[in-house]
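As structure tokens, the structure follows; a few thoughts come after it.
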Amino acid sequence: MLFEIYNHPQKQTIVPVRVGFSWPAFLLTWMWAFANRLWFQGILFLLLGASASTAIYLAAPNDLQIRIVLGLLFLPIPLFVGFKGNEWKAAALEKRGFTPRGRVRAASRAQALRKAAAEEFTRASAHRFGDHLPGGLQKIFAIILLTWKSAFRFRLFPLLSALLLLAVVALPVFIQDDGTARGFTQLLITYTLSAITALLGVSTLWLACGTLARDIEECQVQLVAVKPVARWQIWLGKWLGIMSLNAVLLGISGACVFALLQWRAGRLPEKEQTILRNEVLIARGSARPASVKQEIEAVARKMLQKRLEENETQIEERADLKEVEQTIREQAKAGFQVVLPGYQRDWRINLGLARLYLRDRPLHLRIKFNSAQKSPSGTFEGLWTIGVPPKAVQKITSQAPDTFHEFQIPPNLFDDDGVLTVTFANPRDNPALIFPLEEGIEVLYPESGFALNYVRGLCIILCWLALLAAIGLAAASFLSFPVSAFFSLAMLLVVFSTDTLNDVLENGTIMGYDSAKSAWSHSTVDYVAVPVLRSVVWLINLAKDFSPVDSLSTGRSISWGQLGTAFGQIVLLLAGLISIFGMVIFTRRELATAQPIQ
């Protein structure tokens, strides 16, 4: 540690003041200020602390998790005191007649006094936050600081802060919700978090490409590369610098959204506030019926075998056989989804270990169905039976197709094994109704509070930003700034085109539909293109399998397991592989080649 030594000529008193961050000032704030005779700062931060504590308590008097999250909003105050505390202390000493004598490096305050008495002063430069780190980490930390300076040099930080403030504050002000809990969350959570993610994502790619590619083009990175700093340390330092910038901006904007959400929630009608607390501002787990994929495949094989025996000479070409297989598989799948008029269908949903803490707690049933026919009223009636006799309950519903519906079901309707039986009876005057296997039936149950769930959702968004930063830096490692930015945006376009890629995989060809043959065309290129696209979709799905914004807006739980999986798949696997590629390319690149005239 580095200490500045101050001496009073008349009193012959020596006072060492640590240079850099002050942990006592960070932890104790106003108490530390009073102890060091900083009366103005002490009174100021005492009033700020009291005001913050009062505001947090009034906003969430009975919810500890919410108070913790709101408390993070005021974290910049003690951080500011920690960074400025020793400067204030030194300035106060000079006002009291102390003069600086020099600097000493010491492990403690007592050792600093002994070295000062022996006049063992050093020419050490001003202390920085990373000086206590090992040598290799000090180099990386220096690159992180340079990356932050680049962000301010591009004027990215103030511009992005203004845009995020506009997305968080102005968007909910100018776009009014419909007064319902769903409309409220659609606006405040879905729109604002989506806007924040989009802004940070684009700016991350832009900064990642610009901070490295421009440093190479302008011959700035050569000044760093000739020093005892490895190329991979430069690359890693820039990635960590971008991620620290993203973490700060995402944390501030996310905290503002959370505070605005709590404030606006109190202005809803009492009924909507109840819905908000029970269905949205909560982390709900989900349980679905067991997969019937094997049963579908078994039925499809039997149907295909029978079709081949009946039409052995008609199905000769491989393309025709693929079409027949796909058609039969869809027919078999329909048998597990359709509820014909006058019939009923049962679903058995295993709640697993959640049954241990769901006793005496109400659940919610989330359903969605489709219909090929329209109803004059726009809705279809149905009879739901939840549970098994003698404690089963029935509910008559009249709901519209092609949309999700939720309704509450009484507690304790599952059996001792945690299996909840749900039965739907389709009236005779209804058409056939289709309950999709993927999203037709789902049981939602309370799992944890909203605040911690919200933090986990922001962490998954940060994982996405880590991947984008790695892509941008990897592209800038061997491309110029315009080309690397274009390449990175092209990668984003591929990610957003997964629906088209999935259609190609489902049809088994990249060719178009042949209306003359009433079938999809196939070519030899498919044998190469389809497997390649399947691998691309698999890699994309490693990052797209998570939807924190949708989960938060619908009250879904984001578990620690999901967060760990997201970190492993997105950061460690995808971003890790891309980072290794970028580091290798950047290490082998010849930086001294002639640069084009700008």
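Heads up: the sequence shown begins at 194 in my numbering, then just goes up one per residue. Ideal Cβ placement from N, Cα and C applies to all residues, glycine included.
Exercise. How long is the line joining the alpha carbons of Ile-333 and His-557, rounded to whole angstroms?
Worked result: 50 Å
Exercise. What is the DSSP secondary structure of Asp-738, reduced to helix, strand or coil?
Worked result: coil
Exercise. If you draw a straight line from the C-alpha of Asp-692 to the C-alpha of Ile-733, how long is it?
Worked result: 11 Å
Problem set entry | Cα-Cα separation between Pro-269 and Arg-298, rounded to whole angstroms | 29 Å
For this session: Decide if Cys-402 is buried, meaning its Cβ has at least 16 other Cβ atoms within 10 Å, or exposed.
Result: buried
Problem set entry | Cutoff 6 Å; reference Trp-540; Cβ partners in own chain excluding five residues on either side | Pro-482, Val-615 and Ile-634
For this session: Evaluate Ser-591 with the Cβ neighbour count: other Cβ atoms within 10 Å of its Cβ, from every protein chain shown; 16 or more gives buried, anything less gives exposed.
Result: exposed
Problem set entry | Proximity of Phe-314 and Tyr-199 at Cβ, strictly below 8 Å | no
Exercise. Would you call the segment 597-609 and the segment 441-450 touching, i.e. three or more CB-CB distances under 8 Å?
Worked result: no
Problem set entry | Spatial distance of His-173 from Asn-279 (CA atoms) | Since the first residue of the chain shown is 194 and the last is 791, residue 173 is not available in this structure.
Exercise. What residues are listed by DSSP as bridge partners for Trp-540?
Worked result: Val-615
Problem set entry | Option nearest Val-492 by Cα separation, candidates Lys-526, Leu-239 and Leu-501 | Lys-526
Problem set entry | Gly-459 burial status per 10 Å Cβ neighbour count (16 or more: buried) | exposed
Problem set entry | Asp-719 to Ser-752 span [Cα, whole Å] | 39 Å
Problem set entry | For Glu-635: DSSP bridge partner residues | Arg-559
Problem set entry | Through-space distance from Lys-204 to Arg-296, alpha-carbon basis | 20 Å
Exercise. What's the C-alpha gap between Ile-790 and Glu-411?
Worked result: At Ile-790 the pLDDT is 47, less than 50, meaning the model places this residue with poor confidence and gives no usable figure here.
Problem set entry | Residue-chain proximity (Thr-717, chain E), Cβ-Cβ < 8 Å | Annotation note: the requested chain E is absent from the structure, which comprises a single protein chain.
For this session: For the segment 341-360 and the segment 392-402, state whether three or more C-beta atom pairs, one from each stretch, are separated by less than 8 Å.
Result: yes
Problem set entry | Bridge partner(s) assigned by DSSP for Asn-200 | Ile-207 and Thr-292
For this session: Have a look at Thr-222 and Arg-260 and give me their C-alpha separation to the nearest angstrom.
Result: 20 Å
Exercise. How long is the line joining the alpha carbons of Phe-267 and Leu-386, rounded to whole angstroms?
Worked result: 21 Å
For this session: Flag this pair as yes or no: are the beta carbons of Cys-449 and Val-361 separated by less than 8 Å?
Result: yes
Exercise. In terms of DSSP beta bridges, what is Gly-478 paired with?
Worked result: Tyr-638
Problem set entry | Ser-244 versus Pro-271 - alpha carbon distance | 14 Å
Problem set entry | Leu-694 and Leu-735 closer than 8 Å at C-beta | no
Exercise. Which same chain residues, not among the five before or five after Phe-227, have their C-beta less than 7 Å away from its C-beta?
Worked result: Gly-235
Exercise. Quick one: is Leu-195 buried, meaning 16 or more other Cβ sit within 10 Å of its Cβ, or exposed?
Worked result: buried
For this session: Determine the DSSP secondary structure at Ser-750, reduced to helix, strand or coil.
Result: coil
Exercise. Rounded to a whole number of angstroms, what is the C-alpha to C-alpha distance between Gln-416 and Ala-668?
Worked result: Looking at the sequence shown, residue 416 is not Gln but Leu. Cα-Cα distance, rounded: 21 Å.
Exercise. Could you check where the alpha helix (DSSP H) with Lys-464 kicks off and where it finishes?
Worked result: 463-468
Problem set entry | Spatial neighbours of Met-436 in its chain, beta-carbon cut-off 8 Å, leaving aside the 5 residues before and after | Leu-655, Leu-658, Ala-659 and Ala-662
For this session: Have a look at the DSSP bridge pairing and note the partners of Trp-577.
Result: Lys-588 and Phe-617
Problem set entry | Alpha carbon of Trp-399 to alpha carbon of Leu-339, nearest angstrom | 16 Å
Problem set entry | Under the three-state DSSP convention, the category Gln-415 falls into | helix
Exercise. Going by DSSP, what residues sit across from Gln-601 in a beta bridge?
Worked result: His-557
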